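Engineer: The structure's right below; bear with me while I get my questions together.
Residue numbers (the working numbering), protein chains in the order written: chain Z, 57 to 169; chain C, 122 to 236.
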């Protein structure tokens with residue numbers, strides 16, 4: 057049982073480059089989300105999805121795109137990387153409804169130079 | 122709207138002494154509350170959760186938390202700290218926000234344990 061799998065674990069980008077962070081879950085959860093973690097800020101929600109074909113913006117969506125073509129996969133795309141996007145990114149998968157705990161991937165440490 | 126405030130950004134204790142990490146929440150209805158732990162360079166692990174059953178919730182590794190509605194608090198405690206408890210701890214509320222149903226994180230409390 058893999059849970060939530062995120063790739064890559066580390067990435068260095070140059071300003072202006074694009075890339076996709078991959079996230080897959082095998083728990084058949086409807087709700088998936090992306091967070092970024094910055095020192096002293098906790099985790100902030102970037103985008104989320106309540107099911108295949110449905111996505112919406114979170115607290116800090118600018119500069120990121122998502123899509124949800126299947127229940128299992130929820131990739132996060134950086135369109136044109138900026139140094140302000142240097143962060144640790146976490147994908148999470150959650151059971152919808154009250155009390156639904158989130159299962160997190162191991163994180164992607166992204167540095168934009 | 123839901124929000125969560127962790128009252129201490131950093132807590133330092135000695136091994137074998139009690140741990141108290143404080144969390145207050147704001148919610149327009151009965152929320153679900155969680156504590157997650159993150160060890161250095163690791164992902165997040167669920168410690169415990171409250172979902173309107175018993176107000177005293179027991180979690181893994183000897184941690185527990187008490188839901189106090191009158192004080193809107195969900196403080197995390199452990200009777201005796203261990204060196205392996207050194208980590209960052211997040212209090213989280215599940216609720217309806219502008220972003221839809223989402224987990225709303227506190228800013229985290231770093232727990233240091235000295236020998």
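Note that the Cβ used here is the ideal one computed from N, Cα and C, for glycine as well. Quick caveat: nothing in here was measured; it's all calculated off a predicted structure.
(1) Opposite residue 106(Z) in the DSSP bridges: which residues?
(2) Going along the chain, which unbroken runs of the beta strand (DSSP E) with 3 or more residues stay wholly within the region 147-199 of chain C?
(3) The beta strand (DSSP E) spanning residue 151(Z) covers which residue range?
(4) Is it buried or exposed, residue 85(Z), if we count other Cβ atoms within 10 angstroms and call 16 or more buried?
(5) Determine the chain C residues that contact residue 146(Z) at a beta-carbon separation under 9 Å, and present them in chain order.
(6) Given a threshold of 16 other Cβ atoms within 10 Å of its Cβ, counted over all protein chains shown, does residue 213(C) qualify as buried or as exposed?
(7) Answer yes or no: does any C-beta atom of chain C fall closer than 7 Å to that of residue 163(Z)?
(8) When the Cα atoms are used, what is the spatial distance from residue 143(C) to residue 197(C)?
(9) Going by CA-CA distance only, name the one from 149(C), 129(C) and 134(C) that's closest to residue 96(Z).
(10) DSSP three-state label for residue 112(Z), please.
Structural biologist: A quick look at the data gives this:
(1) Against the first chain, residue 106(Z) aligns to sequence position 50. None; residue 106(Z) has no bridge partner.
(2) Inside the region 147-199 of chain C, DSSP marks whole beta strand (DSSP E) runs of 3 or more residues at positions 153-159, 165-171, 177-179, 185-189 and 194-199, from first to last along the chain.
(3) In the first chain, the residue the question calls residue 151(Z) occupies position 95. Per DSSP, residue 151(Z) belongs to no beta strand (DSSP E) and is neither H nor E.
(4) Along the first chain, one-based indexing puts residue 85(Z) at 29. Classification of residue 85(Z): buried, given that the 10 Å Cβ count is 16 or more.
(5) The residue labelled residue 146(Z) in the question sits at position 90 within the first chain. Correct list: 164 and 165.
(6) Here residue 213(C) corresponds to residue number 92 of the second chain, with the count starting at 1. Looking at its Cβ environment, which holds 16 or more other Cβ atoms inside 10 Å, residue 213(C) is buried.
(7) Mapped onto the first chain, residue 163(Z) falls at position 107. Output row for residue 163(Z): interface = yes.
(8) The residue given as residue 143(C) occupies position 22 in the second chain. The residue given as residue 197(C) occupies position 76 in the second chain. Cα-Cα distance, rounded: 6 Å.
(9) If you number the first chain from 1, residue 96(Z) lands on position 40. For residue 96(Z), the nearest C-alpha among the options comes from 129(C).
(10) The residue given as residue 112(Z) occupies position 56 in the first chain. Strand at residue 112(Z).
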